[in-house]
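**Student:** Protein chains in written order, with this note's numbering: chain A, 83 to 405; chain B, 11 to 603; chain C, 27 to 307.
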Amino acid sequence: MLSFILRRLGQSVLVMAAVSLISFSLFNFVGDPVNNMVGQEATREDRVFIRQELGLDDPIPVQYFRFLGNALQGDFGLSYRIKRPVNELIKERLPATLELVFVSAVIALVFGIAAGVYTGIRRNGWFSKFILSGSLVGVSLPTFIIGIGLIYLFAVTLRWLPSSGRAGIVELGWWKTSFLSVDGWRSIILPAITLSLFQLTMILRLVRSEMLEVMQTDYIKFARARGLSERAINFVHALKNTLVPVITIIGLNIGGLIAFSVITETVFQWPGTGLMFIQAVDFADVPIMAAYLCFVALVFVIVNLVVDLLYVLIDPRIRIAGR
Amino acid sequence: MLRKLVNSGVKAKKLTELCIESTGKLTIPGKCVRMKQMADDWIDRPLGNHISVCLWVDSLKNTADNFVRGSLMKNRKYLVASAVALALTSGQAMSENVLRWTSQGDALTLDPHSQNESPTIAMNGMMYESLVTRDTEMNLLPELAESWANDGNVWTFNLRKGVKFHGGEDFTAEDVAFSFERARHEASDYKEQIKSVTEVKIVDDHTIELVTDGVNPILPNQLTSMFIMDKGWSEANNVASPQDFAAKEETFAVRNSNGTGPFSLVSRAPDELTVMQAHEGWWGKGQFPGNIDKLEYRPIGNAATRVAALLSDEVDFVLDPPLQDLKRIENADGLKTTTVPQVRTIFFGMDQGVEELRTSDVKGKNPFADIKVREAMNLAIDRKAIQRVVMEGLSFPAGMITSPGVLGNTEAQDAEIPFDLEKAKALMGEAGYADGFSVQLDCPNNRYNNDEKICQAAVAMFAKLGVKVKLEAIPKSQHFPKIQNRTSDFYMLGWGVPTLDSHYVFSYLLDAEGSWNAAAYDNARVNEITKAIASETDLDKRTMMIDEAWTQVRTDMPYIPIHHQVIAWGMSDKVDAPIASDDALRPRYITMK
Amino acid sequence: MIAAFITVVCILATMFAPWIAPFDPFDPAQISLWDGKLPPSWVEGGQPQYLLGTDNQGRDMLSTILYGGRLSILVGLAAVCMGMVLGVTLGVLSGYFGGLTDTIIMRIADIQLTIPGILLAILINGIGRTVLPLDMREDFAIFVVIFAIGLSDWPQFARVARGATLVESQKEYVQAAKVIGLPQRLIILRHVLPNTLRPVLVIATIGLALAVIAEATLSFLGQGIPPTTPSLGTLIRVGNEYLFSGLWWITLFPAIALVVLVFAVNLLGDWMRDALNPKLR
Numbered sequence: 083m084l085s086f087i088l089r090r091l092g093q094s095v096l097v098m099a100a101v102s103l104i105s106f107s108l109f110n111f112v113g114d115p116v117n118n119m120v121g122q123e124a125t126r127e128d129r130v131f132i133r134q135e136l137g138l139d140d141p142i143p144v145q146y147f148r149f150l151g152n153a154l155q156g157d158f159g160l161s162y163r164i165k166r167p168v169n170e171l172i173k174e175r176l177p178a179t180l181e182l183v184f185v186s187a188v189i190a191l192v193f194g195i196a197a198g199v200y201t202g203i204r205r206n207g208w209f210s211k212f213i214l215s216g217s218l219v220g221v222s223l224p225t226f227i228i229g230i231g232l233i234y235l236f237a238v239t240l241r242w243l244p245s246s247g248r249a250g251i252v253e254l255g256w257w258k259t260s261f262l263s264v265d266g267w268r269s270i271i272l273p274a275i276t277l278s279l280f281q282l283t284m285i286l287r288l289v290r291s292e293m294l295e296v297m298q299t300d301y302i303k304f305a306r307a308r309g310l311s312e313r314a315i316n317f318v319h320a321l322k323n324t325l326v327p328v329i330t331i332i333g334l335n336i337g338g339l340i341a342f343s344v345i346t347e348t349v350f351q352w353p354g355t356g357l358m359f360i361q362a363v364d365f366a367d368v369p370i371m372a373a374y375l376c377f378v379a380l381v382f383v384i385v386n387l388v389v390d391l392l393y394v395l396i397d398p399r400i401r402i403a404g405r
Numbered sequence: 011m012l013r014k015l016v017n018s019g020v021k022a023k024k025l026t027e028l029c030i031e032s033t034g035k036l037t038i039p040g041k042c043v044r045m046k047q048m049a050d051d052w053i054d055r056p057l058g059n060h061i062s063v064c065l066w067v068d069s070l071k072n073t074a075d076n077f078v079r080g081s082l083m084k085n086r087k088y089l090v091a092s093a094v095a096l097a098l099t100s101g102q103a104m105s106e107n108v109l110r111w112t113s114q115g116d117a118l119t120l121d122p123h124s125q126n127e128s129p130t131i132a133m134n135g136m137m138y139e140s141l142v143t144r145d146t147e148m149n150l151l152p153e154l155a156e157s158w159a160n161d162g163n164v165w166t167f168n169l170r171k172g173v174k175f176h177g178g179e180d181f182t183a184e185d186v187a188f189s190f191e192r193a194r195h196e197a198s199d200y201k202e203q204i205k206s207v208t209e210v211k212i213v214d215d216h217t218i219e220l221v222t223d224g225v226n227p228i229l230p231n232q233l234t235s236m237f238i239m240d241k242g243w244s245e246a247n248n249v250a251s252p253q254d255f256a257a258k259e260e261t262f263a264v265r266n267s268n269g270t271g272p273f274s275l276v277s278r279a280p281d282e283l284t285v286m287q288a289h290e291g292w293w294g295k296g297q298f299p300g301n302i303d304k305l306e307y308r309p310i311g312n313a314a315t316r317v318a319a320l321l322s323d324e325v326d327f328v329l330d331p332p333l334q335d336l337k338r339i340e341n342a343d344g345l346k347t348t349t350v351p352q353v354r355t356i357f358f359g360m361d362q363g364v365e366e367l368r369t370s371d372v373k374g375k376n377p378f379a380d381i382k383v384r385e386a387m388n389l390a391i392d393r394k395a396i397q398r399v400v401m402e403g404l405s406f407p408a409g410m411i412t413s414p415g416v417l418g419n420t421e422a423q424d425a426e427i428p429f430d431l432e433k434a435k436a437l438m439g440e441a442g443y444a445d446g447f448s449v450q451l452d453c454p455n456n457r458y459n460n461d462e463k464i465c466q467a468a469v470a471m472f473a474k475l476g477v478k479v480k481l482e483a484i485p486k487s488q489h490f491p492k493i494q495n496r497t498s499d500f501y502m503l504g505w506g507v508p509t510l511d512s513h514y515v516f517s518y519l520l521d522a523e524g525s526w527n528a529a530a531y532d533n534a535r536v537n538e539i540t541k542a543i544a545s546e547t548d549l550d551k552r553t554m555m556i557d558e559a560w561t562q563v564r565t566d567m568p569y570i571p572i573h574h575q576v577i578a579w580g581m582s583d584k585v586d587a588p589i590a591s592d593d594a595l596r597p598r599y600i601t602m603k
Numbered sequence: 027m028i029a030a031f032i033t034v035v036c037i038l039a040t041m042f043a044p045w046i047a048p049f050d051p052f053d054p055a056q057i058s059l060w061d062g063k064l065p066p067s068w069v070e071g072g073q074p075q076y077l078l079g080t081d082n083q084g085r086d087m088l089s090t091i092l093y094g095g096r097l098s099i100l101v102g103l104a105a106v107c108m109g110m111v112l113g114v115t116l117g118v119l120s121g122y123f124g125g126l127t128d129t130i131i132m133r134i135a136d137i138q139l140t141i142p143g144i145l146l147a148i149l150i151n152g153i154g155r156t157v158l159p160l161d162m163r164e165d166f167a168i169f170v171v172i173f174a175i176g177l178s179d180w181p182q183f184a185r186v187a188r189g190a191t192l193v194e195s196q197k198e199y200v201q202a203a204k205v206i207g208l209p210q211r212l213i214i215l216r217h218v219l220p221n222t223l224r225p226v227l228v229i230a231t232i233g234l235a236l237a238v239i240a241e242a243t244l245s246f247l248g249q250g251i252p253p254t255t256p257s258l259g260t261l262i263r264v265g266n267e268y269l270f271s272g273l274w275w276i277t278l279f280p281a282i283a284l285v286v287l288v289f290a291v292n293l294l295g296d297w298m299r300d301a302l303n304p305k306l307r
């Protein structure tokens, strides 16, 4: 057990090292940083001066190890555009993204599992069929279309909810939360729904197909034969057994949520890290891009690690196989 | 007690935010101590210790009463307090004019000397002031200087007396000398603009002399965005130079400001929210029509979202609504638009200097070096179609690369170049390119009104001439370096003229040495005139020379002028904002109902 | 069945776009800007030759949708094929040989999965733009998109293929084949590979739908296919800007086309999943 954890930890470190190399390579591939730092009218001498100041003329390995050393201390340098430390910027933007991802994940999980179980049990009911076709449409709509459509309907036409931004922020220390005011909740609803729809349908379909399979297994038949109530069978025995793949998919999809938050945040002007990333791409603000990449990878690695450990706890077979 | 509280008429004019704190239950860390003090100042009698009302000034408008509504459901204890809160919010909402506005991109920094970029200048211009400024009609207007006079290479400015910075410091000649020194620093983005100033002499506390390198008749025109900072504040906060690129920390001036202008900074979260409030001690109070008490700026990058925010009444003003949405805004209840011709001309540049184009199938020679090809390219553009379909009528087809309003733009010079495909084809034949050639057009996709769509339309028009144009539309941050580094064969550029004088255009775009002359245009006479007009003080003679140079340019056709841009603003009916041709929002002229 | 029918119709219609479409939107010489922004023919102001109206550049909407759909399907298919070939090869090898090969391949997959596809595509796009010579960039844009989506896809295929291989190689006939000394190449190709294909095919169908959406999303972020040779995604992105201005047909028709296409492919995938799952039959 301990060796398994240690091995997984070692692998995670390796993954992060590879990602940091990719992040670092951004500095050398995406545009010329100097051009993005100085105004349009700067002279050649200025540019040379800045190159030297930033150490851009050092050998690449030297630059990489300097980058790695700094990154380990959470220091990704100064944003080219905003001229502020990147780690501070990310710290400021992080609550917005995490809260959005959290609400989306909750929506996706609750409605996804509920609908999945329902459609799994009532395989041929008309409402199940309706949900299923609805879920297919959900999968078939690109995120940005959903977002624009929701804005058009709920903000512009009906005027129920704000179209963009993050209103009603309450500060709890450095963490700015939307959860403590009605305005905060109002402004998180549309982006969270937009972001969750895709994951919701994924979870729904996964839970449904797992339910269908589980319902065919012998021990469910046996449970029926024992005369257990339908409710107990459905929720205690069947649902529990669908959870393993659901956990995997959640693990894999947290990264998906964060990645797609780039689009959602752009459409809704949600001031999170995704919006910051896309703004950074437009301005070739490499320090932010690199830091964001490392951040997403880190979240992913941690989630995966947790999922792996949960696996061991839930599914004894893996423990025995020892991987 | 509560009734008394409400009746006490709460002088909450300056406040937008309320928070209710029940002792020990819900604390907003750090803030409440200060807030309680403020609250006591504003409300006649000190509050009991069971409920204290905290007030603070930043953050968004409606949080408080929604917050209260939210907690109301949870705990009855708050019920009483919320009644007060609601009374307070509604009371202050009536008396304060808050302008909530948006545009595509935030100011890059609040440091007034570190970025020479229009949106940054406009934002800083609300808080900082320069010696000379422009009104919404683009007339030069005294700001921190009351008057100025020119004698040879010396300009004397008489400074306004009794002006104070937001922090309370007195404004003196020292500050002007300091600010010029700062703007000439290595890391400043303004050093080119005030290059001609060689010395700044303090005559007395309120008189300053600027010595220029030779005669400079248009110096005041070059100073309109040369903002003045306080010397003491800058030194105390370690921002005596604009930017240190090697530094690991941001400089203080990036997110803080201390100007003399009509608005002072309340809070700043870059790319999120910037709040400013009217500066009580501003020298110009009462002299300008504006009645805005507070500005809330929130950038919205996505065009559709930006319009949606205006349509759903979340903002009162949009600086850059997409042209195609103007009708929709116009037709919406309670919204309106205004438009004005901008001092910015959109054009294509053709590199005629290289031996062989980098992206063409023509090898060994450069088709753009042939004046017949350049003329044919000019004739192939249907400027009226671009105006009507791409720009929704909001542009003026151009005959030159400088807009009306700039000295040198005349009706004759700016006469639209006719669309004549037959003649263009004939010219191509004469030049030996009857079958056309191929070339890549570099185009920004987030800089000018419909930039990418103009390029796309032009590609189709050039195709009819036989010129196969490949379009590369990329963000401005990647596009402009191509022009600066001379790696583009064929590119789109828009040029505004802050000085309203042709010299600015010649020195950057037409002089052989011009830093943005990627067309590599090189005409001896034009070069000569560019030099001459920099110091020619005889206005008639100068104007004649400028006209002569433009005539030469019209013959040589180094560029393909498309149109002069039109600016459109969208706003709520409650707002009356006079539009300005430099696209800068000047809140001192804005009134709200 | 309906799903398969719609999919086939979609694919045929777009593949034969050059013969069906009334105009060639890729030929700039056929476009007249003066015909821009015309509504569909049944709406007042519409013209009969432009059945679904024209876009902001004067291109016939029906033609652009057909051509754009073709491009979207091609990009999607190519990306999925790339992901599938790469993923299945690595997955089967990984599952069959196990040990170090397995660890290395699955770690690479893990690294890959830590960077979501969209970010990866933006990354590759940025590098591509800098590395490639100027005049190749536009042609290359499509391949960048294919490459980016394909590359972000392969771990999914690898995982599924590896799983199937693990199950398969434990079976007696494979063990037997090993014992009688059949070459490994033959065992993998004859016995293991065919048995992994069933789950892979299901993933591939869903992957196609995802790839088409991914392409649209990239184009929406301005990182995809240039508007001169529009895909469905680019069409929607451009049309999106006209959503509030009353020119609904520029967004709506390509969006409907995209949704119908993806929907049909998804239905097909769904049906295949159920049909190929022997437990449910």
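Ideal placement from N, C-alpha and C gives every residue a C-beta, glycine not left out.
1. Specify the secondary structure class of K197/C as computed by DSSP and reduced to three states.
2. For a contact defined as C-beta to C-beta under 7 Å, what are the partners of L119/C on chain B?
3. Can you confirm whether V226/C, when its beta carbon is compared against all beta carbons of chain A, has any partner nearer than 9 Å?
4. Looking at the C-beta of N316/A, does it have a partner C-beta in chain D at a distance below 9 Å?
5. Are T225/A and F280/A close, meaning C-beta to C-beta below 9 Å?
6. Where are the alpha helix (DSSP H) runs, 4 residues long or more, that stay fully inside the stretch 54–133 of chain C, in chain order?
7. At a Cβ threshold of 9 Å, is A379/B touching chain A?
8. Leaving out five residues before and five after G224/B in sequence, what residues of the same chain have Cβ atoms less than 7 Å from its Cβ?
9. If distances are taken between C-alpha atoms only, which option among R535/B, L481/B and M401/B comes closest to F358/B?
10. Report the option in V325/B, T270/B, G177/B and T130/B whose CA atom is closest to the CA atom of L141/B.
11. Span of the alpha helix (DSSP H) holding R7/B?
12. Output the distance between the C-alpha atoms of F447/B and I230/A, rounded to the nearest integer angstrom.
13. Measuring CB to CB, does V353/B end up less than 9 Å from G415/B?
14. In whole angstroms, what separates the C-alpha of T355/B from that of Q575/B?
15. Mind listing, in chain order, the continuous alpha helix (DSSP H) runs of no fewer than 4 residues lying wholly within the stretch 307–372 of chain B?
16. In the DSSP output, which residue or residues are listed as bridge partners for G506/B?
17. Does the beta carbon of G202/A come closer than 9 Å to any beta carbon on chain B?
18. Under three-state DSSP, which class holds V213/B?
19. Sort F236/A, Q145/A and T276/A by Cα distance to S186/A and report the nearest one.
20. Could you please give the first and the last residue of the uninterrupted beta strand (DSSP E) stretch that includes N168/B?
21. Taking just the CA atoms, how far does L475/B sit from L333/B?
22. Quick check: the stretch 92–112 of chain C against the stretch 222–233 of chain C, are there 3 or more CB pairs under 8 Å?
23. So what does DSSP say about F149/A, is it helix, strand or coil?
24. Residues of chain A with CB closer than 7 Å to the CB of I137/C, please, in chain order.
**Tutor:** Inspection of the coordinates gives the following:
1. To locate residue 197/C, count along the third sequence from 1; it is residue 171. Looking at K197/C - three-state DSSP - the assignment turns out to be coil, as it is neither helix nor strand.
2. For the purposes of this step, residue 119/C is taken as the residue at position 93 of the third sequence. Chain B residues near L119/C: none, gap ~40 Å exceeds 7 Å.
3. One-based indexing of the third sequence puts residue 226/C at position 200. Not closer than 9 Å to any Cβ of chain A, the Cβ of V226/C fails to qualify, so no.
4. Judged by its chain identifiers, the structure shown contains no chain D, and its protein chains are A, B and C.
5. Looking up residue 225/A in the first sequence gives position 143. Looking up residue 280/A in the first sequence gives position 198. Going by C-beta atoms, T225/A is nearer than 9 Å to F280/A.
6. Considered as a whole, the stretch 54–133 of chain C harbours 87–123 as its complete alpha helix (DSSP H) runs of no fewer than 4 residues, in chain order.
7. One-based indexing of the second sequence puts residue 379/B at position 369. It does not: the Cβ of A379/B has no partner Cβ on chain A nearer than 9 Å.
8. Walking along the second sequence from the start, residue 224/B turns up at place 214. Counting only Cβ-Cβ distances below 7 Å, and skipping sequence neighbours, we find N163 and S545.
9. Counting from 1 along the second sequence, the entry for residue 358/B is found at position 348. That would be L481/B, whose Cα lies nearest to the Cα of F358/B.
10. Against the second sequence, residue 141/B aligns to sequence position 131. For the residues V325/B, T270/B, G177/B and T130/B, the minimum Cα distance to L141/B belongs to T270/B.
11. This structure cannot speak to residue 7/B, because chain B is shown only from 11 to 603.
12. Position 437 of the second sequence, counted from the first residue, corresponds to residue 447/B. Position 148 of the first sequence, counted from the first residue, corresponds to residue 230/A. Between F447/B and I230/A, the C-alpha separation is close to 42 Å.
13. For the purposes of this step, residue 353/B is taken as the residue at position 343 of the second sequence. For the purposes of this step, residue 415/B is taken as the residue at position 405 of the second sequence. In contact: V353/B and G415/B (Cβ atoms closer than 9 Å).
14. Position 345 of the second sequence holds residue 355/B. Position 565 of the second sequence holds residue 575/B. Using only the alpha carbons, I get a separation of about 6 Å.
15. Listed in chain order, they are 313–321 and 336–341.
16. Looking up residue 506/B in the second sequence gives position 496. In the DSSP output, where bridge partners are listed per residue, G506/B has R354/B.
17. In the first sequence, the residue the question calls residue 202/A occupies position 120. For G202/A, the nearest beta carbon of chain B is not closer than 9 Å to its own beta carbon.
18. Position 203 of the second sequence, counted from the start, is the residue given in the question as residue 213/B. DSSP places V213/B in strand when its eight states are reduced to three.
19. Here residue 186/A corresponds to residue number 104 of the first sequence, with the count starting at 1. Of F236/A, Q145/A and T276/A, the residue nearest in Cα terms is T276/A.
20. Locating residue 168/B in the second sequence gives position 158, where the first residue counts as 1. For N168/B, the enclosing beta strand (DSSP E) starts and ends at V164 to L169.
21. Here residue 333/B is taken as the residue at index 323 of the second sequence, counted from 1. Here residue 475/B is taken as the residue at index 465 of the second sequence, counted from 1. Roughly 29 Å separates the two Cα atoms.
22. In the pairwise beta carbon analysis, the stretch 92–112 of chain C is classified as touching the stretch 222–233 of chain C: at least three pairs are separated by under 8 Å.
23. Start at 1 with the first residue of the first sequence, and residue 149/A comes out as number 67. F149/A: helix per DSSP, three-state reduction.
24. The sequence position of residue 137/C within the third sequence is 111, counting from 1. The contacting residues are V97, A100 and V101.
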